[in-house]
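Residues in the sequence shown are numbered from 12 upward in steps of one, following our numbering.
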Amino acid sequence: MSDVHEEFLAEAQEIIESLSRDLLLLDQAQKEHGPELDQTTSELINEVFRGVHTLKGIAGMFGYARLGEVSHALEDLLDQLRLGRVELDPSVLDVLFEGVESFQRLLVDSPDAPEVDVERLLQGIARFTGSGSAAPDDDLLGYELDPNVLSVLTEYEEHRLRTNVRQGVSLYRLKVRFSLLTIDSQLEDLKDRAKPLAEIITYLPSTGGGDGDTIDLDVLLASSAPYDTLEEALVDADAELLRVSRRSSGESPDRRTEHEALAPSSSSTPLPAPPPAPTPRPPSAAPVERREMSPDQLTLRSVANTVRVDIRKLDHLMNVVGELALVKSAVGRISERLRGRPELRQLAIELHRINRGFERRLEELQDGILDVRMVPLGQIFDKLARIVRQVAREHDKDVKLLVTGADTEVDKLIVEELSDPLMHLIRNAIDHGIESPKVRELADKPVSGTLALNAYQKGKHVVIEVEDDGAGMNPQRIVETALRRELITEEAAAEVSREEALNLIFMPGFSTRSAITDLSGRGVGMDVVKTNISRLGGVIDVQSELGTGTKFTITLPVTLAIINALLIRIGGRGFAIPITSVQEAILFEPEKLRTVEGREVMTLRGATLPLCRLDRLFRLEAAEPPELDADGTPPRRYVVVCAVAHRRLGFVVDGLDGQQDIVIKSLGKSLQRVRGFAGATDLGDQQVALVLDVPALLEELLGTPELTALEASR
Numbered sequence: 012m013s014d015v016h017e018e019f020l021a022e023a024q025e026i027i028e029s030l031s032r033d034l035l036l037l038d039q040a041q042k043e044h045g046p047e048l049d050q051t052t053s054e055l056i057n058e059v060f061r062g063v064h065t066l067k068g069i070a071g072m073f074g075y076a077r078l079g080e081v082s083h084a085l086e087d088l089l090d091q092l093r094l095g096r097v098e099l100d101p102s103v104l105d106v107l108f109e110g111v112e113s114f115q116r117l118l119v120d121s122p123d124a125p126e127v128d129v130e131r132l133l134q135g136i137a138r139f140t141g142s143g144s145a146a147p148d149d150d151l152l153g154y155e156l157d158p159n160v161l162s163v164l165t166e167y168e169e170h171r172l173r174t175n176v177r178q179g180v181s182l183y184r185l186k187v188r189f190s191l192l193t194i195d196s197q198l199e200d201l202k203d204r205a206k207p208l209a210e211i212i213t214y215l216p217s218t219g220g221g222d223g224d225t226i227d228l229d230v231l232l233a234s235s236a237p238y239d240t241l242e243e244a245l246v247d248a249d250a251e252l253l254r255v256s257r258r259s260s261g262e263s264p265d266r267r268t269e270h271e272a273l274a275p276s277s278s279s280t281p282l283p284a285p286p287p288a289p290t291p292r293p294p295s296a297a298p299v300e301r302r303e304m305s306p307d308q309l310t311l312r313s314v315a316n317t318v319r320v321d322i323r324k325l326d327h328l329m330n331v332v333g334e335l336a337l338v339k340s341a342v343g344r345i346s347e348r349l350r351g352r353p354e355l356r357q358l359a360i361e362l363h364r365i366n367r368g369f370e371r372r373l374e375e376l377q378d379g380i381l382d383v384r385m386v387p388l389g390q391i392f393d394k395l396a397r398i399v400r401q402v403a404r405e406h407d408k409d410v411k412l413l414v415t416g417a418d419t420e421v422d423k424l425i426v427e428e429l430s431d432p433l434m435h436l437i438r439n440a441i442d443h444g445i446e447s448p449k450v451r452e453l454a455d456k457p458v459s460g461t462l463a464l465n466a467y468q469k470g471k472h473v474v475i476e477v478e479d480d481g482a483g484m485n486p487q488r489i490v491e492t493a494l495r496r497e498l499i500t501e502e503a504a505a506e507v508s509r510e511e512a513l514n515l516i517f518m519p520g521f522s523t524r525s526a527i528t529d530l531s532g533r534g535v536g537m538d539v540v541k542t543n544i545s546r547l548g549g550v551i552d553v554q555s556e557l558g559t560g561t562k563f564t565i566t567l568p569v570t571l572a573i574i575n576a577l578l579i580r581i582g583g584r585g586f587a588i589p590i591t592s593v594q595e596a597i598l599f600e601p602e603k604l605r606t607v608e609g610r611e612v613m614t615l616r617g618a619t620l621p622l623c624r625l626d627r628l629f630r631l632e633a634a635e636p637p638e639l640d641a642d643g644t645p646p647r648r649y650v651v652v653c654a655v656a657h658r659r660l661g662f663v664v665d666g667l668d669g670q671q672d673i674v675i676k677s678l679g680k681s682l683q684r685v686r687g688f689a690g691a692t693d694l695g696d697q698q699v700a701l702v703l704d705v706p707a708l709l710e711e712l713l714g715t716p717e718l719t720a721l722e723a724s725r
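Have a look at this one:
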């Protein structure tokens, strides 16, 4: 694929994401205001129209004929909408959403991509564009407007003028004088001041035309604001605001007064209509504060300030940073060795100083690359919002989506892998969690169900919560289903806690069709969700109250690219623990150990801390017995306290070897099923260390008193 083609796909993807956001806002506006097109709704329709028009143009340039055909048909429908010839209702929005969804599939050049029934889609669009409404009555005859002015208005300008008149909005003309040298900036300033109070219908050269350095314009406005408020906001030394009066009964349309009529210069052509100001949208990948600009200005500004970078190039740069980190560590070790030789001590000090400067610059480079990789979760939250609308309509449910923390940023690779698990949770929540309107009414709940998506950063982790106010889950029924599927024994079922019962839905084999009726659908494919989250180094927890609702909490690392790790020794071998999971390291004191339910624990600041001896877990024995200290006692050992979400565990290790930035490498397909390891890393000096998968270890070790499940995978 050529670079130009990749550029097209990236730009098309951005347009589609923008269209999806605008359609969601349009859907919300339709629910709040009905089919009436107020200024905000009209601006949204125009924004969607421009996006579809742009996509149609670039699709034609690159030979995407079917994409161009669908976008052309949608463009016609949007044009009818903004002219008021088609009413904005849910069925029209359904067609618009389906059309934008088809754009995504038509872009994918793969035999596995789902087919798009273009003919059926075009027929659906044609149902609305095939027959427009009759020409409206001429409401404008009741106003002191020069017919010559009306004759030069564009079709859309005339439509907006009629719409405002029908809604009883007052009309004004603003006479302004602009310098020819600064007319662009002055027009932008005028639009910024007018936007909160009025809609600019058009601006035309005024009779008289100004002198050689200035131009006089007549601006036609529609506003419900009081005259004094408008005058204060818009009128300066070179401006005058006049109200467009209604004609008296029976007055001829040709009769007009000097001050109330709007007359363009006969020798002048009208200026282009001002583009409606774009409606604010949720934050994108790189939110910036911007003034309202024309589409052309926005495109030029975007090209000037942004550069698209292939994620593979960033991966390569991150690998280079990892190699440089090894060089830094090697230089540090050499510096330490030189310190032991008196004749080279000064050289060692200088080398150490240079290495510290190198380390600071390397950290800046690493942080810069990581920052480029970070994208807001809003990218997938927008996609999930479309899923919520679609699934809710399929099941005839009224669901309100609440999103907070969409600007929380994580690594782009994590965002891409999160889409499917979150989509699964959303579908389950609407399909089986949130009740039908009738059931909710009988339960004294609001008819409209609520689904909340919340994201926030907690230390070096990102937490995502998916919560609904549906029927909740019954732990007893979950246990009964697990017993029926022979996933747990009767002895285990008798001792299972409420939290453990809820977490049974994540077990492979629990998700069966017959479980749907028993459990309100929870558990369907949840083992896959858990597996995908675990691959990202995260954990998922569930809380549920019967009749109140369910909340899933996903905890993930911010990035997987390069991490700081604590180096440990177990049985004479080196391992690494991601520092994001480490709370502290303390001295191991065997005399403080006690056993609870067959598991070693210790008390740490008044709380019970379960322990795990990694040498026993990994079946590691030291090649040689450890040397005794000078006083004849065994060497010191340590407890590394790790925590992910609410789970906490202490790992007993033989030694601590400091911290180091590492790049985690995959273990390959042959070792992919080995639980407990996230990968391996090169420590330099011909040393390789396995990286512990702390979330998987905590989940496995704290979930089962015996370690047979984990050991069986080795």
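A virtual CB, placed ideally from N, CA and C, is assigned to each residue, including glycine. Note that the structure is a prediction, hence the values are computed from the model and not measured.
Could you confirm whether any beta carbon from chain D is found closer than 8 Å to the beta carbon of residue 202?
Looking at the structure shown, chain D is missing, and only one protein chain is on hand.
Would you mind sorting residue 415 into buried or exposed? The rule is 16 or more other CB atoms within 10 Å of its CB.
As a first step, residue 415 must be located in the sequence shown, where it is residue number 404. Classification of residue 415: exposed, given that the 10 Å Cβ count is below 16.
Between the region 537 to 544 and the region 423 to 443, can you find at least three pairs of beta-carbon atoms closer than 8 Å?
yes
Do you know how far the Cα of residue 205 is from the Cα of residue 272?
Translated into positions along the sequence shown, residue 272 becomes position 261. Translated into positions along the sequence shown, residue 205 becomes position 194. In this prediction, residue 272 has a pLDDT of 39, which is less than 50 and means its spatial position is unreliable; what the coordinates show is noted afterwards. Rounded to whole angstroms, residue 272 to residue 205 spans 21 Å at the Cα level.
Taking the CB atoms as reference points, tell me whether residue 319 and residue 18 lie closer together than 8 Å.
Here the question's residue 319 lines up with position 308 in the sequence shown. Here the question's residue 18 lines up with position 7 in the sequence shown. The answer is yes: Cβ separation under 8 Å.
Residue 228 and residue 217 look like a contact to me (Cβ under 8 Å); what is the Cβ gap, rounded to whole Å?
By one-based count along the sequence shown, residue 228 stands at place 217. By one-based count along the sequence shown, residue 217 stands at place 206. With 8 Å as the limit, residue 228 and residue 217 qualify as a contact, their Cβ atoms being about 6 Å apart.
Across the region 572 to 591 and the region 622 to 633, are there enough close Cβ pairs to call them in contact, namely three or more that are closer than 8 Å?
The answer is yes - the region 622 to 633 touches the region 572 to 591, with three or more Cβ pairs under 8 Å.
Taking only heavy atoms of the ligand ADP into account, decide whether any of them is closer than 7 Å to the Cβ of residue 66.
Among the components modelled here there is no ligand, and therefore nothing to report on the ligand ADP.
Quick test of the definition: if touching needs 3 or more C-beta pairs under 8 Å, does the region 474 to 487 touch the region 558 to 568?
yes
Between residue 452 and residue 518, what straight-line distance do the alpha-carbon atoms span, to the nearest angstrom?
Translated into the one-based positions of the sequence shown, residue 452 becomes position 441. Translated into the one-based positions of the sequence shown, residue 518 becomes position 507. Taking the Cα positions, residue 452 is about 34 Å away from residue 518.
Please confirm whether residue 395 and residue 332 have their CB atoms less than 8 Å apart.
Within the sequence shown, the letter at position 384 stands for residue 395. Within the sequence shown, the letter at position 321 stands for residue 332. No.
Would you please state the rounded distance, in angstroms, between the beta carbons of residue 587 and residue 702? I believe it to be under 8 Å.
By one-based count along the sequence shown, residue 587 stands at place 576. By one-based count along the sequence shown, residue 702 stands at place 691. Going by Cβ atoms, the distance from residue 587 to residue 702 rounds to 5 Å, so yes, they are a contact pair.
CB-CB under 7 Å to residue 369, same chain, minus the five flanking residues each way: which ones, in chain order?
Position 358 of the sequence shown, counted from the start, is the residue given in the question as residue 369. Within the same chain, 339 come within 7 Å of residue 369 by CB-CB distance, once the 5 residues on both sides are set aside.
In this structure, how does DSSP classify residue 708 when only helix, strand and coil are distinguished?
For the purposes of this step, residue 708 is taken as the residue at position 697 of the sequence shown. Residue 708: helix per DSSP, three-state reduction.
Run the CB neighbour count on residue 598, radius 10 Å, all protein chains shown included, and call it buried at 16 or more, exposed below.
Here residue 598 refers to the residue found at position 587 of the sequence shown. Residue 598 is exposed by the Cβ-count criterion.
Could you give the DSSP three-state label for residue 517: helix, strand or coil?
Along the sequence shown, one-based indexing puts residue 517 at 506. Helix.
Within its chain, find whatever has a CB closer than 6 Å to the CB of residue 525; leave out the 5 residues flanking it on each side and keep chain order.
Here residue 525 refers to the residue found at position 514 when the sequence shown is read from its first residue. In this prediction, residue 525 has a pLDDT of 47, which is less than 50 and means its spatial position is unreliable; what the coordinates show is noted afterwards. For residue 525, where only same-chain residues beyond five positions count, there are no Cβ hits under 6 Å.
Who are the Cβ neighbours of residue 321 in its own chain at under 8 Å, not counting the five residues just before and after it?
Your numbering for residue 321 matches position 310 in the sequence shown. Result list for residue 321: 17, in chain order.
Any contact of the region 21 to 28 with the region 37 to 44, i.e. 3+ C-beta pairs under 8 Å?
no
For residue 690, report the span of its beta strand (DSSP E) as first-last.
Along the sequence shown, one-based indexing puts residue 690 at 679. Looking at the DSSP string, the run of the beta strand (DSSP E) that includes residue 690 is 688 to 695.
For residue 496, which of helix, strand or coil comes out of DSSP?
In the sequence shown, counting from the first residue as 1, residue 496 sits at position 485. Three-state DSSP puts residue 496 in coil, outside helix and strand.
Check whether the Cβ atoms of residue 450 and residue 409 sit closer than 8 Å, and answer yes or no.
For the purposes of this step, residue 450 is taken as residue 439 along the sequence shown, with counting starting at 1. For the purposes of this step, residue 409 is taken as residue 398 along the sequence shown, with counting starting at 1. The Cβ atoms of residue 450 and residue 409 lie no closer than 8 Å to each other.
Considering only DSSP beta bridges, list what residue 579 is partnered with.
Within the sequence shown, residue 579 is the residue found at index 568, counting from 1. For residue 579, which the question treats as bridged, DSSP gives the partners 586, 667.
Just checking my contact of residue 256 with residue 155 at CB under 8 Å: how many whole Å lie between their CB atoms?
As a position in the sequence shown, residue 256 is number 245, starting the count at 1. As a position in the sequence shown, residue 155 is number 144, starting the count at 1. Sure, about 5 Å apart at Cβ, within 8 Å.
Please say whether residue 201 and residue 172 have beta carbons closer to each other than 8 Å?
For the purposes of this step, residue 172 is taken as the residue at position 161 of the sequence shown. For the purposes of this step, residue 201 is taken as the residue at position 190 of the sequence shown. The answer is no: Cβ separation not under 8 Å.
Closer than 7 Å by C-beta to residue 208: which residues in its own chain qualify, once you throw out the five before and the five after it? Chain order, please.
As a position in the sequence shown, residue 208 is number 197, starting the count at 1. If we look at residue 208 and ignore the five residues flanking it on each side, its Cβ neighbours are 234, 236, 240, 241, 244.
Would the region 588 to 608 and the region 341 to 360 be scored as touching if the rule is three or more Cβ pairs under 8 Å?
At 8 Å Cβ cutoff, the stretches do not touch.
On the three-state DSSP scale, how would you describe residue 613?
Translated into positions along the sequence shown, residue 613 becomes position 602. Correct three-state label for residue 613: strand.
Residues bridged to residue 472 by DSSP?
Here residue 472 refers to the residue found at position 461 of the sequence shown. DSSP output for residue 472 lists 469, 568 as bridge partner(s).
Let me know if residue 82 comes out buried or exposed under the rule of 16 or more other beta-carbons within 10 Å of its beta-carbon.
Position 71 of the sequence shown, counted from the first residue, corresponds to residue 82. So residue 82 ends up on the buried side.
Tell me which residue opens and which closes the alpha helix (DSSP H) that residue 394 is part of.
If you number the sequence shown from 1, residue 394 lands on position 383. Element bounds for residue 394: 389 to 405.
As a quick exercise: from 107, 195, 696, 49, pick the residue whose alpha carbon is nearest that of residue 178.
On the sequence shown, residue 178 is found 167 positions in, with the first residue counted as 1. From the listed residues 107, 195, 696, 49, the smallest Cα separation to residue 178 is found for 49.
Between the beta-carbon of residue 462 and the beta-carbon of residue 445, is there less than 8 Å?
By one-based count along the sequence shown, residue 462 stands at place 451. By one-based count along the sequence shown, residue 445 stands at place 434. Yes, Cβ-Cβ distance for residue 462 and residue 445 is below 8 Å.
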